[in-house]
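Number of protein chains: 2
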Amino acid sequence: MKHMKWWGWGEEGVTFRYNDKPGFGDFIKAAIDIDVTKESAVETSFDSLSIPCSQAPQELRASLQAAVGADNVKDNARDRVVHAYGKGLRDLVRIRSGDVGRLPDLIVYPGSENEVVGIVKAALSANAVVIPFGGGTNISGSLEAPRVERRTVISVDMGRMSSVLEIDEVSRLARVQAGALGPDIERYLNARGWTLGHFPDSFNHSTLGGWVATRSSGMQSDKYGDIADLTRAVRVVTPAGVLATRPVPSSSTGPSVREMILGSEGRLGIITEATVHVHRISQKRQIYGYLFPDWRRSLLAMTAIAESDAAPSVTRVADANETRFSFATKKHERLAGRAKSALSKFYLRRVLHFDLHQMCLGFIGYEGTIEHVNSTKRLVDEIVGRHGGMCAGTGPGELYDRKKFDTPYIRDFLLDRGALADVSETAAPWSQLETLYDGVLSRGRKAFDEIGVRGYLMCHLAHSYHSGACLYFTFAFRPSDKARGLEQYDVVKGAIQQGFIDFGGTLSHHHAVGVEHAPWLSQDISPVGVTMIRSLLDGVDPGHNFNPGKIV
Amino acid sequence: MKHMKWWGWGEEGVTFRYNDKPGFGDFIKAAIDIDVTKESAVETSFDSLSIPCSQAPQELRASLQAAVGADNVKDNARDRVVHAYGKGLRDLVRIRSGDVGRLPDLIVYPGSENEVVGIVKAALSANAVVIPFGGGTNISGSLEAPRVERRTVISVDMGRMSSVLEIDEVSRLARVQAGALGPDIERYLNARGWTLGHFPDSFNHSTLGGWVATRSSGMQSDKYGDIADLTRAVRVVTPAGVLATRPVPSSSTGPSVREMILGSEGRLGIITEATVHVHRISQKRQIYGYLFPDWRRSLLAMTAIAESDAAPSVTRVADANETRFSFATKKHERLAGRAKSALSKFYLRRVLHFDLHQMCLGFIGYEGTIEHVNSTKRLVDEIVGRHGGMCAGTGPGELYDRKKFDTPYIRDFLLDRGALADVSETAAPWSQLETLYDGVLSRGRKAFDEIGVRGYLMCHLAHSYHSGACLYFTFAFRPSDKARGLEQYDVVKGAIQQGFIDFGGTLSHHHAVGVEHAPWLSQDISPVGVTMIRSLLDGVDPGHNFNPGKIV
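Protein sequence lines correspond, in order, to chains A and B.
Residue numbers for the first sequence follow this note's numbering, so the first one is 11 and each next one is one higher.
Residue numbers for the second sequence follow this note's numbering, so the first one is 11 and each next one is one higher.
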């Protein structure tokens with residue numbers, strides 16, 4: 011089973027490189043006062059980690075081995091460390107500093123739903139803790155055991171259950187095992203002319219089960235829907251037995267148990283498979299870059315697109331700060347490219363009267379038949395034009411499409427150089443987005459001031475819906491007191507999250523609650539909402555054996 | 011407060027008439043052996059009902075009066091009888107036979123959320139039972155108190171809370187009070203250029219709160235979505251306090267409490283308001299009739315339309331039995347109409363080689379800009395043609411649009427003449443629809459044989475989704491043993507519901523569970539699903555004060 015780096019995002023050997031990006035160093039220096047040429051972090055070696063012994067009692071170990079086979083029960087240091095955390099900023103800081111947290115005692119790799127049933131039975135009869143593990147990409151603390159947990163902790167890695175089991179071509183549904191990674195699914199489907207169309211930033215390393223458990227959203231959600239819309243049925247091994255819902259298109263059979271599993275973060279059991287919408291691969295697929303004169307008009311244009319008959323597959327626009335960041339990650343251009351850039355700047359400034367410092371870069375995607383793509387783009391271009399923006403061709407879009415999964419590598423790169431960077435995202439009604447944006451920016455700046463750092467805060471809009479959209483904030487700073495980095499991180503992250511709540515947003519659009527967002531939950535869904543979730547969780551899992559401490 | 015007839019559907023004075031429908035009498039005679047010219051039921055007079063005394067203790071009555079004002083607490087016989095049942099076939103048979111069931115002791119009419127809070131406090135401190143009441147249209151037994159209930163039963167009629175509170179024109183959201191009836195909402199919205207677009211068959215008599223509590227679906231759901239899709243936020247007075255969720259477009263904050271309220275049938279509390287999607291009234295709206303050579307090709311055409319780029323607002327097609335029923339309800343035609351009909355028949359039979367006995371009548375609706383309507387219709391017509399069908403113009407569509415809310419009156423008309431008629435609906439994947447249809451029809455016929463009646467069973471498809479659709483069955487028969495009518499009804503209804511389960515459907519697409527469908531719930535969502543719902547309900551309402559006995 012291949013896992014991500016124990017100390018950072020993605021595959022071993024793959025890192026972010028700045029050498030071919032001439033604007034990057036100056037930009038980072040100006041933004042957060044970091045000299046990218048100097049690595050400041052000493053890389054912790056795996057062997058220097060202090061690994062406490064596995065506490066699994068022999069009897070439990072034996073029953074797990076009986077359930078999944080001896081080869082699929084692990085307690086080696088590397089497996090335990092890889093399964094200790096997700097990939098939140100806090101996780102990376104802790105693991106790099108040698109703080110391994112409450113390591114799982116055993117990692118088990120089931121190969122079938124029956125084996126999962128066996129694991130759950132064994133765990134419950136030993137009163138052990140069970141934490142399901144997909145790709146390990148979670149950034150909200152959903153994967154770690156509580157530090158104080160005294161029971162045996164079992165991490166259930168779903169990596170062996172990674173198949174697409176069946177495509178129902180008439181109903182356009184696929185049954186997929188929970189441990190299938192994004193590329194596993196698309197490879198299988200694409201070879202047969204189909205796609206799931208779910209592409210979260212974590213796509214390469216996250217699984218269907220993880221998406222369902224966290225209510226994930228992909229960048230083409232405008233066309234395909236969030237995972238909550240895509241998921242028609244689930245199978246889940248719960249403490250009470252196997253939940254199996256039917257892949258019906260809609261139902262009025264009481265509060266939906268399928269929906270209760272969405273976002274359940276392992277607290278109701280282990281998702282073993284889901285039946286999901288699939289689509290025929292589109293005849294045409296194209297992402298175009300767009301330039302808007304400022305953030306306000308970007309928002310107005312996106313609102314108007316959502317209200318129109320146009321149905322693009324991707325709507326995304328960065329604020330001025332994120333736009334400048336994007337331009338700073340551009341590679342060296344050859345002479346022709348440089349000339350074109352100079353000409354574009356001239357045109358934007360002199361002909362369209364753009365203030366280049368306020369300019370916002372957007373991406374809008376189109377997918378479907380050629381006629382659909384063409385007519386949709388005509389509609390969108392007209393709306394964008396009405397708001398002072400313009401299409402910038404397919405160049406930026408293709409670049410975005412190629413590089414879309416690489417952003418998390420930049421965080422590791424910055425961390426190596428002493429900068430803390432992370433993301434917080436929300437969703438709110440269209441009418442609220444500008445106020446929320448202004449409010450969060452001002453809270454963020456206040457937080458930077460409070461801890462005495464320069465700091466950079468940027469945002470993009472993505473995932474348009476009928477009534478609103480997601481705003482995705484990214485922040486970075488060099489701690490003024492290196493020893494208290496995480497404390498300072500909490501000040502900034504906390505200010506942004508509280509801003510979401512105070513200005514009408516939700517505390518997370520697609521990153522789940524975990525432990526990171528739990529402090530704000532009752533402000534988001536009201537204290538009664540928390541009571542409702544707690545009732546459900548406590549009723550199904552009275553012993554709190556399933557991923558305790560998450561969500562509520 | 012205006013209520014529906016205590017003994018049947020709709021407004022006093024409005025009834026189904028057959029005199030102007032020349033084919034109706036013969037059709038009904040052939041179908042279920044009833045002579046429509048003879049009324050067989052003796053209408054029960056209200057005064058002959060035996061009404062037990064209200065059991066409400068004086069103290070509770072006083073606190074309720076304090077909460078909502080003395081004028082808004084009722085215990086007169088008519089109010090109590092109107093709130094005793096919904097409008098299921100069983101309800102009508104019982105009430106017409108003088109069986110009033112467990113009447114509510116008090117009816118309260120709150121005027122605000124604060125008053126609802128007062129009611130709930132008073133009820134809980136007296137350990138009384140609370141049953142929310144919207145328009146009273148439910149046909150699954152969701153509104154009646156258990157016969158054995160010994161506690162005081164309070165029906166909370168939401169009729170005074172019927173306002174649209176606010177339209178957010180930018181986010182296309184409206185805040186609407188739970189007691190607003192369909193026409194209340196559309197009248198207010200239409201006057202300002204907006205529509206909710208939710209038109210269940212019960213539209214004229216059902217409320218937003220009822221729709222949310224039962225996961226309702228409207229006939230234009232293909233465009234506007236089911237109520238579950240339309241509802242962005244809810245406010246609910248629960249035993250644990252007021253639940254207030256935010257009107258965010260999407261969220262990943264644990265299992266969604268908004269979704270737990272959808273379909274909760276009063277068991278989690280009293281819904282006081284919801285924030286729902288609204289749309290600008292479309293430039294053009296048109297429903298066309300379509301004719302298909304047979305059911306199989308109708309299903310194939312509908313599947314193909316769902317898979318295409320076309321996005322009609324209504325997709326509906328009746329099987330041959332329901333098509334014949336539709337034609338039998340046609341009014342007298344003048345000479346020109348008769349000539350046209352004869353010509354049409356000739357054309358269908360001789361030119362298209364239709365077997366008129368197998369022919370299926372469909373309705374497909376289009377809504378949006380003129381260009382959207384035209385291009386969608388072109389796409390749909392092409393698909394229909396490919397499956398041997400043809401557009402029959404706007405005539406049938408307009409008729410359907412005008413008469414769509416009248417069908418329940420026919421049930422009362424038949425009941426007056428000794429026939430029992432009711433509906434059962436399901437949803438299933440496209441690939442399953444033909445098998446399910448055949449299976450349910452064969453189960454229905456077997457049930458008719460078992461009880462020794464002729465019986466009629468018909469079906470239409472409506473509400474298309476990505477992966478499937480709703481099949482809506484209507485059945486009618488004259489009991490072979492009049493005294494055991496309801497027992498015979500149970501045999502037929504039970505056979506159909508079990509057919510849904512056995513052939514891959516859900517037990518209800520949009521009529522909720524109540525007590526009528528509860529026996530099949532664990533077969534639909536698996537026993538663990540029932541445990542999950544029970545955990546939620548028991549945790550939030552440990553005293554079982556809220557609509558006890560419903561769903562599970």
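Backbone N, C-alpha and C define an ideal beta-carbon position, used for all residues, glycine too.
Query, Result
"Check whether Thr484 of chain B and Asp411 of chain B have beta carbons under 9 Å apart", "no"
"Min CB distance Asp534 of chain A to chain B below 9 Å", "yes"
"Through-space distance from Asp101 of chain B to Ala429 of chain B, alpha-carbon basis", "15 Å"
"Gly549 of chain A - containing beta strand (DSSP E), residue span", "Here Gly549 of chain A belongs to no beta strand (DSSP E); instead the alpha helix (DSSP H) covers Leu531 to Val550."
"Beta carbon of Asp211 of chain B nearer than 9 Å to that of Lys414 of chain B", "yes"
"Member of B:Arg106, B:Ala328 and B:Leu272 whose CA lies at the smallest distance from the CA of Asp304 of chain B", "B:Ala328"
"Any 3 or more C-beta pairs closer than 8 Å across the segment 99-114 of chain A and the segment 49-67 of chain A", "yes"
"Neighbour flag for Gly449 of chain B against chain A, beta carbons, 9 Å", "no"
"Beta-bridge partners of Lys84 of chain B, as assigned by DSSP", "B:Ile117"
"Within the segment 440-470 of chain B, ranges of the alpha helix (DSSP H) (whole runs, at least 4 residues)", "443-461"
"DSSP state of Val324 of chain A mapped onto helix, strand, coil", "strand"
"Phe556 of chain A - DSSP class collapsed to helix/strand/coil", "strand"
"Ile380 of chain A classed as buried or exposed, judged by whether at least 16 other C-beta atoms fall within 10 angstroms", "exposed"
"Exposure label - Gln68 of chain B; buried when at least 16 CB within 10 Å", "exposed"
"Own chain partners of Arg245 of chain B with C-beta closer than 6 Å, once the 5 adjacent residues on each side are dropped", "Ala254, Thr282 and Glu283"
"Cross-chain neighbours of Pro120 of chain A in chain B, by beta carbon under 9 Å", "Within chain B, no residue comes near Pro120 of chain A; the closest Cβ sits about 18 Å away, beyond 9 Å."
"Met2 of chain A at chain B interface by Cβ criterion, 9 Å", "Look at the range of chain A in this structure, 11 to 562, and you will see that residue 2 of chain A is not part of it."
"Closest Cα partner of Ala316 of chain A within the set A:Tyr28, A:Arg290 and A:Ile374", "A:Ile374"
"Straight-line gap, His367 of chain B to Ala40 of chain B (C-alpha atoms, nearest Å)", "14 Å"
"Cutoff 9 Å: Asp411 of chain B Cβ touching any chain A Cβ", "no"
"Limits of the alpha helix (DSSP H) - the one that His382 of chain A falls within", "Ile380 to Arg396"
"First and last residue of the uninterrupted beta strand (DSSP E) at Ile297 of chain B", "Lys294 to Phe302"
"Neighbour flag for Arg396 of chain B against chain A, beta carbons, 9 Å", "no"
"Below-9 Å beta-carbon distance, Asp432 of chain A vs any chain B residue", "no"
"Residue environment, Pro142 of chain B, which counts as buried when at least 16 other CB atoms sit within 10 Å", "buried"
"Against chain A: residues of the segment 104-131 of chain B by CB proximity under 9 Å", "none"
"Limits of the beta strand (DSSP E) - the one that Ala486 of chain A falls within", "Gly478 to Phe487"
"Within chain A, the residues that Thr241 of chain B reaches when beta carbons sit closer than 7 Å", "Per Cβ cutoff of 7 Å: no residues; Thr241 of chain B is ~11 Å from chain A at best."
"Spatially closest choice to Met229 of chain B from B:Tyr357, B:Arg112, B:Tyr376 and B:Leu353, by CA coordinates", "B:Tyr376"
"Given 8 Å, three or more beta-carbon pairs between the segment 193-201 of chain B and the segment 392-407 of chain B", "no"
"Per DSSP, cross-strand counterpart(s) of Asp167 of chain B", "B:Phe143"
"Cβ-based neighbour list, Gly18 of chain A, same chain, cut-off 7 Å, excluding 5 preceding and 5 following", "Leu102 and Asp422"
"Endpoints, beta strand (DSSP E) assigned at Ile281 of chain A", "Ile280 to His287"
"Inter-stretch contact (C-beta, 8 Å, three-pair minimum) for the segment 146-157 of chain A and the segment 523-530 of chain A", "yes"
"Rounded C-alpha distance that separates Ala132 of chain A from Asn557 of chain A", "16 Å"
"Meets three-Cβ-pair contact criterion under 8 Å: the segment 235-245 of chain B and the segment 111-120 of chain B", "no"
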